[in-house]
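**Student:**
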Amino acid sequence: MITARKFPTITIDQEKCTVPFLCKKCLQICPEAIFHVVRVMAKEKRLEEMDPRIDGTYVLSVNRRDKCTVCNKCIEVCPIDAIKIEV
Amino acid sequence: MCYFCKEYGDPEFGDGIWYLNPTNHARNMYKLRLPGERFKGAEVGLETGVHEGPTIEDLINATEKGDYEEYASIKQTIQERGQGSQVIPLEDADKVLELCSPIGLMACICRKGWRAIDERNEEEYTCMGMGAGMLKWERWPERYKGGVKFVNIDEAKEWNHLMDKRGFVHILMLFGAPFIGGFCQCDYPDCGALRNAVDFGLGTLKSHYVAEVDYDICNGCGICAQRCQFGALKFEVTSEKANIDQFKCYGCGLCETGCPREAIKLVRRETRPALAEVWT
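Here the protein sequences come in this chain order: A and B.
According to our numbering, the residues represented by the first sequence are 25 to 111, in order.
According to our numbering, the residues represented by the second sequence are -15 to 264, in order.
Below, the structure written as structure tokens:
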């Protein structure tokens, strides 16, 4: 059985966060591993190798916000202030 | 009996366990997918695009609303869309490696996604691909950036034992049942298959075994407690011995292989009637 519970809303400023796969600070500091980095899903490009150094080839997302404890470690570690958490 | 065994098991081989039935490893299994039919799970993966239909995010939103019906329906859709996977203990993994060909070591896609760990060379690889599908690896340059290291059975077993020593859970990944396309070395939380299974009871089935402690031999050293990824095994303070919740146990056998005194044994799940159908 599940019980209703409000989860934190985490937003990532995609304009600022351009090379998450290279930076990876939030991905590796999060105790609950709620972040996820995926390659851009251009259908026609899916068979090509992509260079993570190029802006916008990888996108950071939050996949498990139900696990966020709002410890704010990701906000502290982010060098470009791209993460916001609302409780 | 798990649903894979019902469909693909043969009592003559491996006590009816599906992955020990040599027929399921025949080279032509890969071709048995009907042309034009988009197979469940065949296009799943970071490099191929997102799923159609509901995602884990929708499941979380339903939890937030407390809408149980929506939650159950989303869960069922995701479960049916999945390709299927199952935990197997080390001993069975060795038997599977004898049946599969070819076998190639490769980078883990889950650690790449969850922790941005980029495994680029043979020493770092923690994932294994097997079967005819591996021969086409060059079609996905993004997925196989560091290439594939093809290994023989003995090398594969040696690697597998090394992974077990490090403490990874072994999971067989199906790319269209009963075709086994991958053999993953997983841990919580950076592995998708394990994570969805532990958090939501989705995807990965428990193994055909459960672990049991022989209290006469166990001296309470606690080594096994460090190896359990599922919170099933703990050090029981009162008795000063290991204690296993067999309903939580996934039967991965890491506690068994880690025990210095051979105090933990795996027993077949069917031998415990209340556990016989506990697969998630």
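The beta-carbon is built from N, C-alpha and C at its ideal position, and this holds for glycine as well.
State the Cα-Cα distance for the pair residue -4 of chain B and residue 162 of chain B, rounded to the nearest angstrom.
**Tutor:** Rounded to whole angstroms, residue -4 of chain B to residue 162 of chain B spans 17 Å at the Cα level.
**Student:** Determine, using beta-carbon pairs with one atom in the region 235 to 249 of chain B and one in the region 197 to 209 of chain B, whether at least three such pairs fall under 8 Å.
**Tutor:** Yes, the region 235 to 249 of chain B touches the region 197 to 209 of chain B.
**Student:** Inspect the beta-carbon positions of residue 61 of chain A and residue 82 of chain A and report whether they are closer than 8 Å.
**Tutor:** Yes, these two residues count as a Cβ contact at 8 Å.
**Student:** Taking the beta carbon of residue 191 of chain B as the centre, do at least 16 other beta carbons fall within 10 Å, making it buried, or is it exposed?
**Tutor:** It is buried - the Cβ of residue 191 of chain B has at least 16 other Cβ atoms within 10 Å.
**Student:** Use the C-beta contact count for residue 210 of chain B: other C-beta atoms within 10 angstroms, 16 or more gives buried, fewer gives exposed.
**Tutor:** Its Cβ having fewer than 16 others within 10 Å, residue 210 of chain B is exposed.
**Student:** Looking at the secondary structure, which residues open and close the alpha helix (DSSP H) in which residue 44 of chain B lies?
**Tutor:** Unbroken alpha helix (DSSP H) run through residue 44 of chain B: 40 to 49.
**Student:** Counting only C-beta atoms, is residue 30 of chain B closer than 8 Å to chain A at any point?
**Tutor:** Because the pLDDT of residue 30 of chain B is 40, which lies under 50, any placement of that residue in the model is unreliable, and the question is left without a value.
**Student:** Could you check whether the region 52 to 68 of chain B touches the region 120 to 140 of chain B, counting it as contact only if at least three pairs of C-beta atoms, one from each stretch, sit closer than 8 Å?
**Tutor:** No, they do not touch.
**Student:** Using a Cβ-Cβ cut-off of less than 7 Å, give me the residues of the region 47 to 63 of chain B that come near chain A, in sequence order.
**Tutor:** Here the close residues are 47, 48, 49, 50, 52, 55.
**Student:** Just mark residue 160 of chain B as buried or exposed, buried being the case when its beta carbon has 16 or more other beta carbons within 10 Å.
**Tutor:** Buried.
**Student:** Which bits of chain A does residue 174 of chain B rub up against, with CB to CB less than 9 Å?
**Tutor:** Correct list: 57.
**Student:** Starting from residue 252 of chain B, trace the beta strand (DSSP E) both ways and give me its first and last residue.
**Tutor:** Residues 248 to 252.
**Student:** From the beta carbon of residue 93 of chain B, is the nearest beta carbon of chain A less than 8 Å away?
**Tutor:** No, no contact with chain A.
**Student:** Could you check the C-alpha separation between residue 114 of chain A and residue 252 of chain B for me, to the nearest Å?
**Tutor:** There is simply no residue 114 of chain A to check, as chain A begins at 25 and stops at 111 in what is shown.
**Student:** Quick one, which of B:100, B:213, B:133 has its alpha-carbon nearest residue 89 of chain B's?
**Tutor:** Of B:100, B:213, B:133, the residue nearest in Cα terms is B:133.
**Student:** For residue 241 of chain B, which option in B:222, B:151, B:257 has the closest C-alpha, if you only look at C-alpha atoms?
**Tutor:** Measuring from the Cα of residue 241 of chain B, the nearest candidate turns out to be B:151.
**Student:** Let me know the secondary structure DSSP gives residue 63 of chain B once reduced to three states.
**Tutor:** Looking at residue 63 of chain B - three-state DSSP - the assignment turns out to be helix.
**Student:** Residue 271 of chain B and residue 3 of chain B: beta carbons closer than 8 Å?
**Tutor:** Any property of residue 271 of chain B remains undetermined from this structure, which presents chain B solely from -15 to 264.
**Student:** Is there at least one Cβ from chain B nearer than 8 Å to residue 52 of chain A's Cβ?
**Tutor:** Taking Cβ atoms only, chain B reaches closer than 8 Å to residue 52 of chain A, which makes this a yes.
**Student:** Looking only at its chain, what residues have a beta carbon closer than 7 Å to the beta carbon of residue 122 of chain B, apart from the 5 residues adjacent to it on each side?
**Tutor:** Excluding sequence neighbours, residue 122 of chain B sits near nothing in its chain.
**Student:** Out of curiosity, what's the CA-to-CA distance linking residue 269 of chain B and residue 104 of chain B?
**Tutor:** With chain B running from -15 to 264 in the structure shown, residue 269 of chain B is simply not present.
**Student:** Determine the burial state of residue 30 of chain A: buried for a count of at least 16 other Cβ atoms within 10 Å of its Cβ, exposed for fewer.
**Tutor:** Residue 30 of chain A is exposed by the Cβ-count criterion.
**Student:** Excluding the five sequence neighbours on either side, which residues of its own chain have a C-beta within less than 7 Å of the C-beta of residue 222 of chain B, listed in chain order?
**Tutor:** Closer than 7 Å at the Cβ level, and outside the excluded window around residue 222 of chain B, lies no residue.
**Student:** Roughly how many angstroms separate the alpha carbons of residue 87 of chain B and residue 115 of chain B, rounded to a whole number?
**Tutor:** Between residue 87 of chain B and residue 115 of chain B, the C-alpha separation is close to 7 Å.
**Student:** When you compare only the Cα positions, how much space is there between residue 45 of chain A and residue 206 of chain B?
**Tutor:** Each residue's Cα considered, the two are about 37 Å apart.
**Student:** Per DSSP, what are the beta-bridge partners of residue 218 of chain B in this structure?
**Tutor:** Answer is B:227, bridged to residue 218 of chain B.
**Student:** Given that a residue counts as buried once 16 or more other Cβ atoms are within 10 Å of its Cβ, and exposed if not, what is residue 258 of chain B?
**Tutor:** Flag for residue 258 of chain B reads exposed.
**Student:** Can you find the residues in the same chain that come closer than 6 Å, C-beta to C-beta, to residue 33 of chain A, ignoring five residues on each side of it along the sequence?
**Tutor:** Taken in chain order, the residues that qualify are 110.
**Student:** Indicate whether residue 239 of chain B and residue 217 of chain B have their beta-carbon atoms separated by less than 8 Å.
**Tutor:** The answer is yes: Cβ separation under 8 Å.
**Student:** If you reduce the DSSP assignment to three classes, tell me which class residue 106 of chain A lands in.
**Tutor:** Residue state, collapsed to three classes: coil.
**Student:** Rounding to the nearest angstrom, what Cα-Cα distance links residue 58 of chain B and residue 179 of chain B in this structure?
**Tutor:** If I take the Cα positions, the gap works out to 17 Å.
**Student:** Using only the alpha-carbon positions, how far apart do residue 171 of chain B and residue 214 of chain B sit?
**Tutor:** Taking the straight line joining both Cα atoms gives about 9 Å.
**Student:** Please confirm if residue 90 of chain A has its CB atom under 8 Å from at least one CB of chain B.
**Tutor:** Yes - at least one Cβ of chain B is within 8 Å of the one on residue 90 of chain A.
**Student:** Below 9 Å on C-beta distance, what does residue 28 of chain A contact in chain B?
**Tutor:** Within chain B, the residues near residue 28 of chain A are 47, 48, 49, 50, 51.
**Student:** Taking CB distances under 8 Å as the criterion, tell me whether residue 63 of chain A reaches chain B.
**Tutor:** Chain B contact via Cβ: present.
**Student:** Looking at residue 117 of chain B: is its Cβ nearer than 8 Å to the Cβ of residue 165 of chain B?
**Tutor:** Against a cut-off of 8 Å, the Cβ pair of residue 165 of chain B and residue 117 of chain B comes out as a contact.
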